[in-house]
Amino acid sequence: MAFEVSPIFIVQTIVGIIGMLGNALVCLVIWRDRAMHTLTNAFIFNQATVDFLGSVVMLLSSVIPTPSPLPPGAGGLLLCKIWVSNYFLWAFYVVSSFNLVALTFERYLAIVYPFKFQSMCTRLGATVVIISVWVAGFAVAIYATELYRFNVDRCDRYFDFKLQVIGIMVPGLQFFIPVASMLFAYIHIMVELKRSADRQGNMRTVSGPSNPAHESADESLLRARRNTFKTLVIVFAAFVCCWSLNASLLLGANLGNPFDDASPEYIFSVALVAANSAVNPFIYAFKYKQFKAGFRKLFCKHRSATIQPEASLNSVRTRSTNVTV
């Protein structure tokens, strides 16, 4: 049983530990702070859970060597299909991508179509979406198991035309389509936030200081939405930076380009993918005001750290009704 301390082993071990600790902290803060129990934070909680599990599997796959030769029978088959193929690791990666899309479009509906958001984005709806994200992610990752064949006592790479065609689709489903859809959503959100800011400016000009309470609530809502928007844009940018090289290399390989999984370029792309599981907690810690407030409330109880959650601010005011979004 060979055990090699390689650069990718060092990177995955360090990133795995950081990812476990950071994402566990995110889950703990959201779980303990009732002010953070909103639909947006439910998706962030799910994102942190997926990234935590991905970090655990990444760490285990780095420190637990694959037996060579593989045991005969069902044990060897399972090791080949599940462990050697990194099925669970890729499943968590795909679930993470799909959940980021769901998180983005939850904010998209809340900001761009607030009245539709009321009927569509309920607790039940969010639960159905989160379950669907998990099922779809694990289904797409089955492709990884088909790339390996168990042969007596070893696990061999296998590739044919059918797998090549599917292999072209997988990077699209996991990366390129999510990126295109999220880019569309963020551009539309940015335009709508700009319009909201302009409307508030016009209302202040027309009405003057006659109703400061409503002005303050509207401004707080806009600030909260902008902060959440900026945080998620950074999360999206980190996702693109960490995944673009690996997805491009895999797509190119399935299109017929030369591919070497031991090349420095591919190893670097795998290191970037691994880093994506650990980077989000740092983004929340530095940019997400709700998370920072929840962290202070949990660990610095002697200090006052209360920020009104966005869910309680998300109200669309008309002349006759208030609608929470």
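Just so we're aligned, residue 1 is where the sequence shown starts under the numbering used here, counting upward by one. Yeah, the Cβ is synthetic: ideal placement off N, Cα and C, and Gly gets one too.
Item                                                                                                                                                    : Value
Which same chain residues, not among the five before or five after Q12, have their C-beta less than 6 Å away from its C-beta?                           : M58, S62, A274
Between the C-alpha atoms of P264 and A253, what's the straight-line distance to the nearest angstrom?                                                  : 15 Å
Which term fits C300, buried or exposed, when burial requires 16 or more other beta carbons within 10 angstroms of its beta carbon?                     : exposed
Assign I187 to one of two classes, buried (16 or more other C-beta atoms within 10 Å of its C-beta) or exposed (fewer than that).                       : exposed
Report yes or no: do three or more beta-carbon pairs, one from the region 118–135 and one from the region 150–162, lie closer than 8 Å?                 : no
Looking only at its own chain, which residues have a Cβ that is under 7 Å from the Cβ of D33, when we skip the five neighbours before and after it?     : G294, K297, L298
With a threshold of 8 Å, are at least 3 pairs of Cβ atoms found where one atom belongs to the region 92–104 and the other to the region 231–240?        : yes
Note down, one range per segment and in chain order, each beta strand (DSSP E) of at least 3 residues found wholly within the region 89–129.            : none
Under the three-state reduction of DSSP, which class applies to Y158: helix, strand or coil?                                                            : coil
Please report how far the alpha carbon of F9 lies from the alpha carbon of Y113, in whole angstroms.                                                    : 46 Å
Cα separation between R157 and R149?                                                                                                                    : 6 Å
Taking C-alpha atoms, which residue in F259, S277, P72, F286 lies nearest to C155?                                                                      : P72
Have a look at L250, A110, S248 and flag the residue whose alpha-carbon is nearest the alpha-carbon of L221.                                            : A110
For Y288, which of helix, strand or coil comes out of DSSP?                                                                                             : coil
Do G76 and S277 have their C-beta atoms closer together than 9 Å?                                                                                       : no
When DSSP builds the beta bridges, which residues end up paired with R149?                                                                              : D156
What first and last residue would you give for the alpha helix (DSSP H) that runs through R32?                                                          : 7–32
On the premise that I177 lies in contact with Y143, defined as a C-beta separation below 8 Å, what is that separation, rounded to the nearest angstrom? : Between I177 and Y143 the Cβ distance is about 15 Å, and since that is not below 8 Å, they are no contact.
Is it the case that the Cβ atoms of V26 and P281 are separated by a distance below 9 Å?                                                                 : yes
Indicate the three-state DSSP secondary structure (helix, strand or coil) for T66 in the structure shown.                                               : coil
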